[in-house]
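Position 27 of the sequence shown, counted from 1, bears residue number 195 in my numbering, the numbering being contiguous throughout. By construction, the Cβ of each residue, glycine as well, lies at the ideal position given by its N, Cα and C atoms. Note that the coordinates shown come from a computational prediction; the quantities given were computed from them, not determined experimentally.
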Amino acid sequence: MKPDIHPEYRTIAFEDASTGERWLCGSVAVTPLLATVDGVEYPLVQVEVSNLTHPYYTGKMKLVDSGGRLERFERRYGSLAARRGRR
């Protein structure tokens, strides 16, 4: 590796903006914010969504109705069966 071209890898505090939960993780993120965790000061990165609040991880994921997609396609372009009958 070339010297002095890679960012500094260090321990950073991450905070979920909606829950206020903080955790420590290694990262190269650059931030002007600081946070004290267990008496030690770390750079702080605030995130909007984490595994603590993302619907996939919390089990509150909503299923999107996709039943009407095929019907809309067939209305616009005709069904595949109808096209094969025309040939």
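Let me know if alanine 181 comes out buried or exposed under the rule of 16 or more other beta-carbons within 10 Å of its beta-carbon.
buried
For glycine 207, which of helix, strand or coil comes out of DSSP?
Reduced to three states, the DSSP call for glycine 207 is coil.
Rounded C-alpha distance that separates alanine 203 from lysine 170:
32 Å
Take aspartate 206 as the anchor and find which of Arg237, Gly246 and Leu192 has the nearest alpha-carbon.
Leu192
Suppose contacts are defined by Cβ-Cβ distances below 8 Å. Is serine 195 in contact with threonine 221 by that definition?
Result no, Cβ atoms of serine 195 and threonine 221 do not sit closer than 8 Å.
In the DSSP assignment, find the beta strand (DSSP E) that holds glutamate 183 and state where it starts and stops.
Element bounds for glutamate 183: 178-184.
Considering only DSSP beta bridges, list what glycine 194 is partnered with.
DSSP output for glycine 194 lists Thr179 as bridge partner(s).
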